[in-house]
Amino acid sequence: MAPENNLQAVFNSAEEDVVDGLRAAQVFSQGTTYTYDDVIMHPGHIDFGAHQVVLTSKLTKGITLAIPVVSSPMDTVTEADMAAALAMMGSIGFVHYNMSIEEQVAQVARAKRHQAGLNAIPEVLAQDSFVADIHDLKRVKGIGSVCITDTGAPGGRLLGIVTPRDYDMLSHAEHRTTRLGDIMSRDVVTATEGEAHEEALQRLHAAKRRVPVVNASGHLVGLATRDLLRHHSRYPKVGQPSLDSSGKLRVGAAVGTRDDDRARVAALVSQAGVDVVILDSSQGDSTFQVAMLQHCKAAHPDLQVICGNVVTGAQAQRLVQAGADGLRVGMGSGSICTTQEVCAVGRGQASAVYHVARVAARAGVPIMADGGVQNSGHITKALALGASTVMCGSMFAGTTEAPGEYAMASGPSGPVRVKAYRGMGSLAAMTKGSEARYHSDTQALKIAQGVAGTVVDKGSVRQMVPHLMQAVKQGMQDVGARDIAAIHAMLRNGSLRMEVRSNAAQAEGNVHHMHSYDKVRW
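Quick look at the structure:
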């Protein structure tokens, strides 16, 4: 017998000895709750490149995204800028509802008006505004140039543009008396909505500054900027923009489960064209959520509805049977959440994702892993345990697109730029209006289930997300999965092997025995 045949016979007879590690069902049936850091996956066989990994995945039964990360509906994470930026990369953002119905409708509509491509959402003022109003904008957003429209808002007819060169010679007193209509440049180089990227880039190069984008009627719909030009040339395209049937960016929104939230849903659908709503509750297995879900399905049959949050199979089954298009998974695992500490209820996020996905998959309902994500490895683990998408809160907080102003704070190596970040269960957020999420809007005594603080400036999600997705692709390649459907199949058939890590193993898996180092992720 040839030597290779002898070896084949040897390994065939010892097949069980070479397959080590545990199936997910074995890991998660021990009565211990696990976080992402508690488990580690075994590598598989590689016969393809990381560039061949496809991250397309289901957000809901009716919506598919090009990339599987979405932003959390928190008032320090997602408004129009974040929603538009993510949709342009093939994802989606969920605008928070810690604001009036009118304000939320305006945020969703603003994001959907944003043209897919090289355009940012422009800062706009009216011609009867003053130069001092630009300085107010500059303090908040660091922007010294504005477009002028007849309505003073995006979507109005473009009249001109004002840049620092138009007002930098004016005195401080003149800033409060000089109207923008008197100093604006009326001869403006513009790009046309739907124009090819190459043509828009040529106009931007020629203008050497921001170029307003207008539609066929001359109404302002976007702004091509040098920052986006640099991003376009420096970073690879992550995925096709997430668009609805009319070609507009897809945008999601969060709503509550009270009776008066029904008017909010109606306004979001009819006035803003929202694509999907999340029924936002820290504990989603309630009669209130089922009633709201049934109302949404009856009143708006084309609207996709994500229910949650849930962490057990029994909770998932009830909401799936009630008609949920997707499930949001997680309770007390977020970096700013104290639900497990305060209420003694919740579950480790790795266990929650696995158990909910196991039940939801029977009905073809995608699940979204929400909370506990600190790095790209956690995203890969969430997908491997059955999630179709991963919701990011703390990871996207502090980015350029997150709401809020930057401030300076003391850091270990000197001053750093920070932005506010708070849990929707914090007293600060509940005072503003999010208490319904924690079923405490009728209580005189509010119980905090979150904290408020600050996070360091992380730059733009346009830079962060491509790096995260490349890292996820490399993780999928190491496991041996070409796409998310493949890694889910490996989870179900037991070929995806994993182990529980001891504390020492976790320490070994992190940077150690270094005098100093820089941990730069992007």
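Start counting the sequence shown at 1; every next residue gets the next number (UniProt numbering).
Built from N, CA and C at the ideal position, the CB exists for glycine as well.
Do T454 and V418 have their C-beta atoms within less than 7 Å of each other?
-> Yes; because the gap between Cβ atoms is below 7 Å, this pair is in contact.
With a threshold of 16 other CB atoms inside 10 Å of the CB of Q321, please say whether the residue is buried or exposed.
-> With fewer than 16 other CB atoms across the displayed protein chains lying within 10 angstroms of its CB, Q321 is exposed.
By DSSP, does S270 sit in helix, in strand, or in coil?
-> Three-state result, S270: helix.
How big is the Cα-Cα spacing for L125 and A485?
-> A direct Cα-Cα distance of roughly 47 Å separates L125 from A485.
Three-state secondary structure assigned by DSSP to D483 | Annotated three-state conformation of D483 is strand, per DSSP.
Would you mind working out which of T312, I161, S72, L204 sits nearest G31, comparing C-alpha positions?
-> Minimum Cα distance to G31 is reached at T312.
In this structure, does DSSP put V19 in helix, strand or coil?
-> DSSP places V19 in coil when its eight states are reduced to three.
Rounded to a whole number of angstroms, what is the C-alpha to C-alpha distance between V276 and E499?
-> Those two C-alpha atoms are separated by around 37 Å.
How is A382 classed by DSSP in three states: helix, strand or coil?
-> Three-state result, A382: helix.
Report, in whole angstroms, the separation of the C-beta atoms of L327 and A316, which I expect to be a contact under 8 Å.
-> A Cβ-Cβ distance of about 6 Å is found for the pair L327 and A316, placing them in contact under the 8 Å criterion.
At what residues does the beta strand (DSSP E) containing Y421 begin and finish?
-> For Y421, the uninterrupted beta strand (DSSP E) segment begins and ends at 414–422.
Identify the continuous alpha helix (DSSP H) that holds R113 and give its terminal residues.
-> Going by DSSP, R113 is part of the alpha helix (DSSP H) stretching over 101–113.
Which residues mark the beginning and the end of the beta strand (DSSP E) in which E499 is found?
-> Segment 498–500, the beta strand (DSSP E) holding E499.
Is the Cβ-Cβ distance between T60 and D325 less than 7 Å?
-> Yes, Cβ-Cβ distance for T60 and D325 is below 7 Å.
Length of the line joining the Cα atoms of Y438 and V310 = Here the model assigns Y438 a pLDDT of 49, short of 50, so the residue's position is not dependable, and the following value carries that caveat. So the alpha carbons of these two residues sit roughly 13 Å apart.
Where does the unbroken alpha helix (DSSP H) through Q304 begin, and where does it stop?
-> Segment 304–310 is the beta strand (DSSP E) holding Q304; no alpha helix (DSSP H) there.
Would you mind working out which of R210, G423, I134 sits nearest A452, comparing C-alpha positions?
-> That would be G423, whose Cα lies nearest to the Cα of A452.
Would you call A407 buried or exposed, if buried means 16 or more other Cβ atoms sit within 10 Å of its Cβ?
-> Counting of Cβ neighbours within 10 angstroms places A407 among the exposed residues, the total staying below 16.
Ordered along the chain, which non-local residues of its own chain (more than five positions away) have a Cβ less than 6 Å from that of M514?
-> If we look at M514 and ignore the five residues flanking it on each side, it has no Cβ neighbours.
Is the beta carbon of A254 sitting closer than 7 Å to the one on Y97?
-> In this structure, A254 lies near Y97, with their beta-carbon atoms less than 7 Å apart.
Please state whether DSSP places P466 in a helix, a strand or coil.
-> Helix.
Would you mind reading off the limits of the alpha helix (DSSP H) that contains T287?
-> Here the alpha helix (DSSP H) through T287 covers 287–299.
Endpoints, the beta strand (DSSP E) within which L180 is located = Counting along the chain, L180 falls outside any beta strand (DSSP E), though it belongs to the alpha helix (DSSP H) covering 180–183.
So, using beta-carbon positions, are S242 and I92 closer together than 7 Å?
-> A contact, by the Cβ cut-off of 7 Å.
Minimum length 3: unbroken beta strand (DSSP E) runs contained in the segment 308–359 | The segment 308–359 contains these whole beta strand (DSSP E) runs: 326–329.
Is there contact between the segment 39–48 and the segment 357–368, where contact requires at least three CB pairs shorter than 8 Å?
-> The segment 39–48 makes no contact with the segment 357–368: fewer than 3 CB pairs, one atom from each, lie closer than 8 Å.
Report all residues from its chain with a CB closer than 7 Å to the CB of R113; omit the five preceding and five following residues, and keep chain order.
-> For R113, where only same-chain residues beyond five positions count, the Cβ hits under 7 Å are P154, G155, V221.
Identify the continuous alpha helix (DSSP H) that holds M391 and give its terminal residues.
-> Not the alpha helix (DSSP H): M391 falls in the beta strand (DSSP E), residues 389–392.
What residue from D136, K381, G194 has the CA that sits closest to H352's CA?
-> The sequence shown places Ala at residue 352, not His. Nearest Cα to A352 within the set D136, K381, G194: K381.
So is A350 buried or exposed if we call it buried at 16+ other beta carbons inside 10 Å?
-> By the beta-carbon neighbour count (other beta carbons within 10 angstroms, threshold 16), A350 is buried.
Thinking C-alpha only, which one of A387, L385, M391, V359 is nearest Q374?
-> That would be M391, whose Cα lies nearest to the Cα of Q374.
Given that a residue counts as buried once 16 or more other Cβ atoms are within 10 Å of its Cβ, and exposed if not, what is M331?
-> The residue in question, M331, is buried, as its Cβ has 16 or more Cβ neighbours within 10 Å.
L65 by DSSP, collapsed to three states: which one?
-> Three-state DSSP puts L65 in a strand.
Inspect the beta-carbon positions of T78 and A397 and report whether they are closer than 7 Å.
-> Taking 7 Å as the cut-off, the Cβ atoms of T78 and A397 do not count as close.
Buried/exposed call for residue 555, threshold 16 Cβ in 10 Å = For the chain, the structure presents residues 1 to 522; residue 555 sits outside this window and is missing.
C-beta contact flag for G308 and F94 at 7 Å | No, the pair does not count as a contact, with Cβ atoms beyond the cut-off.
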